[in-house]
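If you're matching them up, the sequences are chains A and B in order.
In terms of the working numbering, the first sequence opens at residue 12 and continues consecutively.
In terms of the working numbering, the second sequence opens at residue 188 and continues consecutively.
Quick reminder that beta carbons are idealized off the backbone N, C-alpha and C, glycines included.
All figures in this text were calculated on a predicted structure; none of them were measured in a lab.
Inspection log for the structure reproduced underneath, given as structure tokens.
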Amino acid sequence: DAGVTQSPTHLIKTRGQHVTLRCSPISGHKSVSWYQQVLGQGPQFIFQYYEKEERGRGNFPDRFSARQFPNYSSELNVNALLLGDSALYLCASSPISGRYTGELFFGEGSRLTVL
Amino acid sequence: AQSVTQLGSHVSVSEGALVLLRCNYSSSVPPYLFWYVQYPNQGLQLLLKYTSAATLVKGINGFEAEFKKSETSFHLTKPSAHMSDAAEYFCAVSEGTGGFKTIFGAGTRLFVKA
């Protein structure tokens, strides 16, 4: 079975540009979460979507937005990129059935470099 | 609000020695707790999870962790380190009553010496 897939794997942008990152969850998983991992730090929670609705949001500016599609795939959008947005962006899906346990299945990540 | 504190950003052990990685959590409700491992340039992989069943949890690759409510701890151990255990380890917590957020610690890098 395919795991969580993310695209692109690497990308380079310049300050002020916009970026869209994509994620396909494991088949049957209806929840997708996004995390930002700056080099040398733990993953920081950005968003969580379940059944196409935002269910959780971390302490990130409004330049960050996301959505989930009917097939449960998801996009993370970041506008007006700053140097500090350079990071590994991780997508994770969850097999929510009744109660959310917090167990996450991660993709390999999209490494964003902002110049 | 939930939070996780991992004591020690770096831990170094000899091959064959005991591995002990420390994690303390804060949660206003009964938590679900996790340990994840991350190898260079990869995503995170679940090692083990505590979801209010047995307090001693066994995971993959010989790792285990014990949930101690009185100490608000969830330390990760492995009796004998292997070179392949060298990686970054993250402790994480989520609220077990419908919260939709999993919070990670800052991570502990494990070095294994030959």
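Assigned with DSSP and collapsed to three states, G67/A falls in strand. Boundaries of the beta strand (DSSP E) harbouring S42/A: 42-48, taken from the DSSP string. One thing to note: L297/B has its Cβ no nearer than 7 Å to the Cβ of L263/B. Of the residues G67/A, V15/A, S105/A, L92/A, the one whose Cα lies closest to the Cα of T124/A is L92/A. In the structure shown, L94/A falls within a helical segment according to DSSP collapsed to helix, strand and coil.
V191/B and Q28/A have their C-alpha atoms spaced approximately 34 Å apart. Judged by DSSP in its simplified three-state form, S215/B adopts coil rather than helix or strand. Residues of chain A with a Cβ closer than 7 Å to the Cβ of A293/B are, in chain order, Q52, G53.
Bridge partners of T242/B according to DSSP: none are assigned. Pairing L87/A with K255/B, the inter-Cα distance amounts to about 37 Å.
A distance of 7 Å or more separates the beta carbons of V206/B and K300/B. Under a 10 Å Cβ-count criterion, P72/A is classified as exposed, with fewer than 16 other Cβ atoms of the shown protein chains found around its own Cβ. By the rule that beta-carbons nearer than 7 Å mark a contact, L22/A does not touch chain B. One Cα belongs to F291/B, the other to A268/B, and the distance between them is close to 24 Å.
By the Cβ neighbour-count rule, G203/B is exposed, with fewer than 16 other Cβ atoms within 10 Å of its own.
Taken in chain order, the members of the segment 111-126 of chain A whose beta-carbon sits within less than 9 Å of a beta-carbon on chain B are Y111, T112, G113, E114, L115, F116, F117, G118, E119, G120, R122.
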